[in-house]
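First the structure, in the form of structure tokens, and then the observations on it.
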Amino acid sequence: MQFKEFQELSIQDNFIFEKVMREKSICKELLERLLEISIFDIAYIETEKTMESGLDDKGVRLDVYVNDNKGTIYNIEMQTYKNMHELVKRSRFYHSAIDNYSMEKGADYMTLNDCFVIFICTFPIFSGKRHKYTYTKNVQKKWTESWEMG
Numbered sequence: 213m214q215f216k217e218f219q220e221l222s223i224q225d226n227f228i229f230e231k232v233m234r235e236k237s238i239c240k241e242l243l244e245r246l247l248e249i250s251i252f253d254i255a256y257i258e259t260e261k262t263m264e265s266g267l268d269d270k271g272v273r274l275d276v277y278v279n280d281n282k283g284t285i286y287n288i289e290m291q292t293y294k295n296m297h298e299l300v301k302r303s304r305f306y307h308s309a310i311d312n313y314s315m316e317k318g319a320d321y322m323t324l325n326d327c328f329v330i331f332i333c334t335f336p337i338f339s340g341k342r343h344k345y346t347y348t349k350n351v352q353k354k355w356t357e358s359w360e361m362g
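The numbers in this note's numbering rise by one with no breaks, and the one at position 103 of the sequence shown is 315.
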């Protein structure tokens, strides 16, 4: 494995990304700007959070796992490898893993916290010139997809 000199590192490198995201004020501001919301306070930040259900199950390692004061969960990922099919499936799997991890046995499904999985990509996602794409599944009415420019 080849290592870069510290001066050559950027926010795309895992070491720097994690160091920056551990700074509560920066992490909070990033989430507020990306999601266009207001967060009163961040209660918890963990980098490289591992979630595993069983010995034979596939687990996940989340780059940055954040809880705010309302219990909303945010997963922030730096994505440098372009494979859109995998990215969509990974997002689905991460949501599922986070839900499974945060729900106690026997709990009512309505107790699930809101959850956002955010991929910060170092490459164009689609052929469009947008800088922000939002994918939403609305399970209360029907499954929908929306891609918005931010």
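Just so it is clear, CB atoms sit at the ideal spot from N, CA and C, and this is done for glycine as well.
Task: Host beta strand (DSSP E) of methionine 290 (start-end) - done: Taking the first residue of the sequence shown as position 1, residue 290 is located at position 78. Residues 285 to 291.
TODO: Might you give, ordered along the chain, the residues of its own chain that have their beta carbon closer than 7 Å to the beta carbon of aspartate 268, omitting 5 neighbours on each side?
DONE: Locating residue 268 in the sequence shown gives position 56, counting from the first residue. Closer than 7 Å at Cβ, skipping near neighbours: no residue.
Task: First through last residue of the beta strand (DSSP E) which encompasses tyrosine 256 - done: Looking up residue 256 in the sequence shown gives position 44. Counting along the chain, the beta strand (DSSP E) containing tyrosine 256 begins and ends at 254 to 263.
Task: When Leu242, Glu217 and Thr323 are compared against serine 250, the one with the closest alpha-carbon - done: Residue 250 sits at position 38 when you count from the first residue of the sequence shown. For the residues Leu242, Glu217 and Thr323, the minimum Cα distance to serine 250 belongs to Leu242.
Open item on the list: Check for me: the alpha helix (DSSP H) holding phenylalanine 313 runs from which residue to which?
Closed with: Numbered from 1 along the sequence shown, position 101 holds the residue referred to as residue 313. Sequence check: residue 313 is tyrosine here, not phenylalanine. Unbroken alpha helix (DSSP H) run through tyrosine 313: 296 to 314.
TODO: Starting from leucine 246, trace the alpha helix (DSSP H) both ways and give me its first and last residue.
DONE: The residue given as residue 246 occupies position 34 in the sequence shown. From DSSP, the alpha helix (DSSP H) with leucine 246 extends over 236 to 247.
Open item on the list: Given this structure, state the Cα-to-Cα distance separating serine 314 from arginine 304, to the nearest angstrom.
Closed with: Against the sequence shown, residue 314 aligns to sequence position 102. Against the sequence shown, residue 304 aligns to sequence position 92. Roughly 16 Å separates the two Cα atoms.
TODO: Would you identify the three-state DSSP class for isoleucine 228, choosing helix, strand or coil?
DONE: The sequence position of residue 228 within the sequence shown is 16, counting from 1. DSSP places isoleucine 228 in helix when its eight states are reduced to three.
Task: Cβ contact check for the segment 274 to 284 and the segment 315 to 323: 3 or more pairs under 8 Å - done: no
TODO: With DSSP as the reference, please indicate the residues paired to aspartate 280 in a beta bridge.
DONE: As a position in the sequence shown, residue 280 is number 68, starting the count at 1. Note: aspartate 280 sits in a beta bridge opposite Ile254.
Open item on the list: I'd like to check one pair, valine 272 with threonine 207: are the Cβ atoms closer than 9 Å?
Closed with: Only positions 213 to 362 of the chain appear in the structure, and residue 207 is not among them; the question remains open.
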